[in-house]
Amino acid sequence: MKKRIKRILLYFGLGIFLLLAWIGYNTSHVWRDYLGGPPVRFLENREIAVGLYPRGAPVAAILTNDDFSAASDLEPVENLRRLLEELEVRATFFVIPNHLGRYPLTAGSEAVEMLEKLRRDGHEIAQHGYAHFSEKNRGSSVRMGAEMHFLSEEEQYRIIRKGREILTGLGFPPQGHRSPCFSGNRRTFRALDRLGFLYGSDLDLPPTTPETLLLPAYRRRLMYPYRPDGLDLIQVTSQTDPTVRRRKALKVFHRYRDRGGVFAFLTHLPQIGEPRNLRRLERFVNHLREEGAWFCTMAELAEWWTAREAADFRTEPEGETLVIHCDNSTPYPLRDLEIVIRDPGPRRYRLLDRSGEVLGEGEIPESRSLLVDI
Ligand SMILES: [Zn+2]
């Protein structure tokens with residue numbers, strides 16, 4: 555009898571162990587980020603520490619806006635544009651190329667004039683699906699707007715390409731894509747990668763699958779951009795709308811700031827154009843600024859991150875001089891990258907690029923901090 559109980563306990567323990575190992579394995583890239591910090595090749599060694607973002611900013615912030623289309627009321631857009639101009643913040647607008655399949659953006663229209671105005675202000679125009687609507691969702695519990703939900707990879711490839719052709723034809727070739735109602739999935743990633751998109755930006759990814767069922771908040775914990783399934787495509791997950799859920803947005807932002815994450819947050823048209831929401835947005839942006847966030851567009855972030863994750867550094871003391879070899883092997887420059895010299899020994903520095911060319915040299919300033927372009 556005793557033996558039987560012992561055996562049952564043993565199997566039970568083994569079962570629990572295997573379950574935990576399974577969860578650990580499937581969520582590895584989340585806890586790896588928490589334990590190991592940002593997944594970049596070089597962060598620091600004994601002599602130097604290299605900033606994650608320009609000018610050593612502790613966190614990146616991206617203001618995103620969804621749902622601009624040919625059917626949009628332009629007044630709220632103009633209200634938002636004016637506020638952003640005042641705040642000197644550049645945002646990323648995810649635009650619907652052919653809303654409901656009935657409202658294509660067309661050359662010379664007022665909507666396209668507005669897009670041109672936004673771009674002149676420095677904002678990024680990116681793609682938001684094709685029609686923000688799918689007939690396949692009818693009769694299911696999935697929202698009609700969740701365009702990608704039931705579509706195969708080929709179907710997604712075709713409609714995303716069609717949407718991109720519209721935007722490109724109007725002079726706005728998109729580098730990034732966000733799925734309507736965050737209906738993106740692994741098939742979307744592969745379609746975007748095949749189409750050569752630089753980045754995808756979704757909220758609920760990776761989706762809750764049987765593998766992640768036991769950690770429902772799992773997907774919200776991805777604080778660094780990642781490349782799903784070994785693709786070239788970079789994914790930047792996005793967070794809640796601070797004009798709707800300010801406290802939650804702030805809480806998440808602080809968590810990201812403490813670990814040097816990328817905080818992309820949502821706003822939607824037309825609601826964001828209401829005076830009350832504009833005031834909330836202003837307050838939120840100012841708060842992030844006070845905490846030293848680097849505001850950028852998502853394409854800028856995707857380029858920066860691509861270069862930053864691969865950049866490598868090597869230090870070599872040479873008498874009183876610290877020689878720093880900087881290697882950025884990507885086509886994207888790292889401007890205003892901060893290098894902090896931790897070693898109190900050397901008085902001078904010399905920076906070399908990957909071909910051995912001198913990027914800069916001189917006395918190490920009292921702040922021990924250098925800003926370089928590599
Ligand atoms: Zn949308």
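Position 30 of the sequence shown, counting from 1, maps to 584 under the numbering used here, and the rest follow consecutively. Note that the Cβ used here is the ideal one computed from N, Cα and C, for glycine as well. Quick caveat, the model's predicted, so the values are computed rather than measured.
Straight-line CA distance for residue i to residue j?
i, j, result
"residue 908", "residue 814", "26 Å"
"residue 523", "residue 684", "Since the first residue of the chain shown is 555 and the last is 928, residue 523 is not available in this structure."
"residue 928", "residue 586", "28 Å"
"residue 708", "residue 749", "11 Å"
"residue 589", "residue 558", "40 Å"
"residue 697", "residue 734", "10 Å"
"residue 595", "residue 882", "11 Å"
"residue 592", "residue 917", "30 Å"
"residue 704", "residue 686", "13 Å"
"residue 661", "residue 877", "54 Å"
"residue 600", "residue 871", "12 Å"
"residue 647", "residue 618", "6 Å"
"residue 675", "residue 644", "8 Å"
"residue 513", "residue 666", "Past the edges of the chain, shown from 555 to 928, lies residue 513, and the structure says nothing about it."
"residue 776", "residue 730", "19 Å"
"residue 844", "residue 664", "36 Å"
"residue 836", "residue 677", "17 Å"
"residue 920", "residue 702", "54 Å"
"residue 914", "residue 904", "6 Å"
"residue 840", "residue 889", "24 Å"
"residue 636", "residue 925", "32 Å"
"residue 513", "residue 567", "Here the chain covers residues 555 to 928 and nothing more, so residue 513 does not appear."
"residue 711", "residue 626", "26 Å"
"residue 569", "residue 577", "12 Å"
"residue 846", "residue 621", "29 Å"
"residue 671", "residue 571", "58 Å"
"residue 714", "residue 689", "16 Å"
"residue 669", "residue 639", "15 Å"
"residue 831", "residue 910", "52 Å"
"residue 812", "residue 886", "26 Å"
"residue 922", "residue 573", "49 Å"
"residue 651", "residue 657", "8 Å"
"residue 800", "residue 605", "28 Å"
"residue 556", "residue 808", "53 Å"
"residue 624", "residue 912", "51 Å"
Could you name the residues of the same chain whose beta carbon sits closer than 8 Å to that of residue i, not counting the 5 residues immediately before and after it, in chain order?
i, result
"residue 848", "607, 608, 609, 611, 613, 614, 615"
"residue 788", "752, 753, 754, 779, 780, 781, 856, 859, 860"
"residue 603", "597, 893, 894, 896"
"residue 794", "802, 803, 806, 819, 820"
"residue 692", "698"
"residue 673", "679, 726"
"residue 756", "732, 733, 736, 738, 742, 789, 791, 792"
"residue 695", "none"
"residue 641", "836, 839, 840"
"residue 785", "743, 744, 747"
Excluding the 5 residues preceding and the 5 following residue i in the sequence, name in chain order all residues of the same chain whose CB lies nearer than 6 Å to its CB.
i, result
"residue 834", "797"
"residue 879", "868, 906"
"residue 654", "685, 687"
"residue 810", "613, 777, 817"
"residue 563", "none"
"residue 851", "644, 646, 678"
"residue 634", "826, 827"
Excluding the 5 residues preceding and the 5 following residue i in the sequence, name in chain order all residues of the same chain whose CB lies nearer than 7 Å to its CB.
i, result
"residue 884", "860, 861, 864"
"residue 771", "The pLDDT assigned to residue 771 is 49, lower than 50, so where the model puts this residue is not dependable; a value taken from the coordinates is nonetheless given after this. Hits under 7 Å: none found."
"residue 901", "874, 917, 918"
"residue 728", "679, 680, 681, 718, 721"
"residue 706", "741"
Step through the CB atoms of chain C and report whether any lies within less than 8 Å of the CB of residue i.
i, result
"residue 586", "Absent from the structure: chain C. Only one protein chain is present."
Lining residues of ligand 1 - beta-carbon closer than 5 Å to any non-hydrogen atom, in sequence order: After applying the 5 Å Cβ criterion, the set is 620, 621, 734.
Taking 8 Å as the threshold, find out whether the segment 617-631 comes into contact with the segment 816-826 through three or more Cβ pairs. In short, these stretches touch, since the Cβ pair count reaches three.
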